[in-house]
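Q: Please read through the structure below; I'll follow up with questions.
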Amino acid sequence: MIAAVGLVLGMVLGLVLQPTVPAVLQPYLPIAVVAALDAVFGGLRAVLDGIFDDRVFVVSFLSNVVVAALVVYLGDQLGVGSQLSTGVVVVLGIRIFSNAAAIRRHIFKA
Amino acid sequence: MRAADEHPVNPDGPGNPDGPGNPDEPGNPDEPGNPDAAQAAAPQARRRLLRAMTPKATRGQVLAALLCALLGFALVVQVRQNSEADLESLRQSDLVRLLDDASERSDRLAAAEADLAATRDELLSGSNARQAARQAAQDQVTTLGILAGTAPAAGRGIELRMTDPGGVLAANVLLNAIQELRDSGAEALQVNDVRITASTSFADTAGGVEVDGRAVESPYVVLAIGDPNTLSTAMAIPGGVVRSIESAGARAGVEERDEVLVDALRPVSEPEYARPASQTAGQTP
Chain Y
-6 MIAAVGLVLG MVLGLVLQPT VPAVLQPYLP IAVVAALDAV FGGLRAVLDG IFDDRVFVVS
54 FLSNVVVAAL VVYLGDQLGV GSQLSTGVVV VLGIRIFSNA AAIRRHIFKA
Chain B
146 MRAADEHPVN PDGPGNPDGP GNPDEPGNPD EPGNPDAAQA AAPQARRRLL RAMTPKATRG
206 QVLAALLCAL LGFALVVQVR QNSEADLESL RQSDLVRLLD DASERSDRLA AAEADLAATR
266 DELLSGSNAR QAARQAAQDQ VTTLGILAGT APAAGRGIEL RMTDPGGVLA ANVLLNAIQE
326 LRDSGAEALQ VNDVRITAST SFADTAGGVE VDGRAVESPY VVLAIGDPNT LSTAMAIPGG
386 VVRSIESAGA RAGVEERDEV LVDALRPVSE PEYARPASQT AGQTP
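Below you can see the structure in the form of structure tokens.
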């Protein structure tokens, strides 16, 4: 509940403040967001599995974000940034879908 | 109060991060069964979800809320950024491609613009030429109308008045006067109310003189448009029109005028056999 409130609060904050993304962060923010989404879905699944652990959640969230950004950064340095970010998005998208499927199974038994 | 109850329980969770049990569960008195046994059961899952939804100020909840807030913030910022300025987030190669596309497109558009401008110029000059042709045709209509006697004419000229109470003037006297006026540059002529043109005929009849089949009577008034000086001089030369009329026994007077109106008109007759030849068909108004 608090997490949902936090999510809404963060969105409202972003809408109200309307900050501009620093140019350095611009290529990595979308990947980081997708990675964080993956972590959140994983955490929700863990809640329903009954194995949610706040430390695991925090670590996985942060490491997901950092690793995703790092991979894209590395790709940019190697000249394959767009391809690598596409790959990262695909992998994270698959994980999000599988987590969503698990959550669905828990809630609707289907 | 509830948070205070659960805090002591919570530290067990971090101690066992891979454990299947929710660290909250053992401490929760509402939990009826073994969490491992009922793990797959949907009511169990829903209960867990409900429990997770109930606000508790545990460290885990607060941290999760913090990270979720971060996610929401970043999400909104990114979406805004993306919808506002999508060029800024593009990579160099994409930008180069976009630039290429744009310059190619602008080249194409410039070429199209040049084409259209040329077409427009062509159309404009075409319409100008058409306008000029129409103007020339209009002028020609006016000129031809004056010459053919189908349009009224006005200008400087003279009035030649011949009074013939005795009926001594014959058609050839009139004809001579007209010829003399023409020779001196008269551009439009009329006798009484008959317009004089190239095909005008003069005839003697029992009653007097007929011009173009219409009887005219004394006094004969000839209106001529042309240089008044030349015309009147031509009428007055020794042995000329005026002198011969007077020697025939009639009277003639010439009056120079600044404004002579030749408004007798000749009906337009459509040629029955003659047609414009094909070469000059376009120029005929």
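Each protein sequence line maps, in turn, to chains Y and B. Following the numbering used here, the numbering of the first sequence begins with -6 at its first residue and continues without gaps. Following the numbering used here, the numbering of the second sequence begins with 146 at its first residue and continues without gaps. Quick reminder that beta carbons are idealized off the backbone N, C-alpha and C, glycines included.
Taking glycine 371/B and alanine 331/B to be in contact with their CB atoms under 8 Å, please state how far apart those CB atoms are, rounded to whole angstroms.
A: So it is a contact: roughly 4 Å between Cβ atoms.
Q: Let me make sure I understand the geometry here. Which of Val83/Y, Ala95/Y and Val51/Y has the alpha-carbon closest to that of serine 32/Y?
A: Note on identity: in this sequence residue 32/Y is alanine, with serine being the wrong assignment. The shortest C-alpha separation from alanine 32/Y is found at Val51/Y.
Q: Out of curiosity, what's the CA-to-CA distance linking leucine 326/B and leucine 376/B?
A: Cα-Cα distance, rounded: 6 Å.
Q: Answer with buried or exposed for valine 49/Y, where buried requires no fewer than 16 other C-beta atoms within 10 angstroms of its C-beta.
A: Valine 49/Y comes out buried.
Q: Name the chain Y residues that come within less than 7 Å of glycine 241/B, Cβ to Cβ?
A: Just to set this straight, residue 241/B is valine in the shown sequence, not glycine. Correct list: empty, because the minimum Cβ distance to chain Y is about 13 Å.
Q: Can you grab the Cα-Cα spacing for the pair glutamate 401/B / alanine 369/B, in whole Å?
A: So the alpha carbons of these two residues sit roughly 10 Å apart.
Q: Report the partner residues of arginine 359/B according to the DSSP bridge assignment.
A: Arginine 359/B pairs with Val356/B.
Q: Should valine 154/B be flagged as near chain Y, meaning a C-beta pair shorter than 8 Å?
A: Residue confidence is low: valine 154/B scores 35 on pLDDT, short of 50, so the model does not pin down where it sits. No coordinate-derived value is stated.
Q: Quick check: the region 211 to 221 of chain B against the region 0 to 18 of chain Y, are there 3 or more CB pairs under 8 Å?
A: Short answer: they touch.
Q: Which same chain residues, not among the five before or five after phenylalanine 45/Y, have their C-beta less than 7 Å away from its C-beta?
A: So the list reads Gly36 and Ala39, once near-sequence residues are dropped.
Q: Are there 16 or more other CB atoms within 10 angstroms of the CB of methionine 307/B, so buried, or fewer, so exposed?
A: Answer is buried; the Cβ neighbour count reaches 16.
Q: Return the first residue and the last residue of the alpha helix (DSSP H) that threonine 375/B is part of.
A: It spans 373 to 381 - the alpha helix (DSSP H) in which threonine 375/B sits, taken as one unbroken run.
Q: Considering only the beta carbon of each residue, do isoleucine 323/B and isoleucine 341/B sit closer than 8 Å?
A: Contact: yes.
Q: Under 9 Å Cβ-Cβ, which residues of chain Y neighbour glycine 205/B?
A: Within 9 Å Cβ-Cβ: Phe45, Asp46, Asp47, Arg48, Phe50 and Val51.
Q: For the ligand COA, is there any heavy atom lying closer than 7 Å to the beta carbon of leucine 195/B?
A: With respect to the ligand COA, the structure offers nothing, as it holds no ligand at all.
Q: Pick helix, strand or coil for valine 26/Y, following the three-state DSSP scheme.
A: Helix at valine 26/Y.
Q: Under three-state DSSP, which class holds aspartate 349/B?
A: Here aspartate 349/B sits in strand by DSSP.
Q: Between isoleucine -5/Y and chain B, is the shortest Cβ-Cβ distance under 8 Å, so that the two count as touching?
A: It does; some Cβ of chain B falls within 8 Å.
Q: Count the C-beta pairs between the region 307 to 316 of chain B and the region 414 to 422 of chain B that are closer than 8 Å, then say yes if the count reaches three, no if not.
A: No: fewer than three Cβ pairs fall under 8 Å.
Q: Label threonine 288/B either buried or exposed according to how many other C-beta atoms from any shown protein chain fall within 10 Å of its C-beta, with 16 as the threshold for buried.
A: Flag for threonine 288/B reads exposed.
Q: What in chain B is Cβ-close to phenylalanine 54/Y, meaning under 7 Å?
A: Those within 7 Å of phenylalanine 54/Y in chain B are Leu212.
Q: On the criterion of 16 or more Cβ atoms from any shown chain inside 10 Å, does serine 359/B qualify as buried, or is it exposed?
A: The question names serine, yet the displayed sequence has arginine at residue 359/B. Arginine 359/B is exposed by the Cβ-count criterion.
Q: So, is leucine 319/B buried or exposed, given that buried needs 16 or more other C-beta atoms within 10 angstroms?
A: Buried, by the Cβ-count rule.
Q: Please confirm if glutamate 269/B has its CB atom under 8 Å from at least one CB of chain Y.
A: It should be noted that the sequence gives leucine, not glutamate, for residue 269/B. Leucine 269/B does not count as touching chain Y.
Q: Between which two residues does the alpha helix (DSSP H) holding glycine 271/B run?
A: Start and end: 237 to 293.
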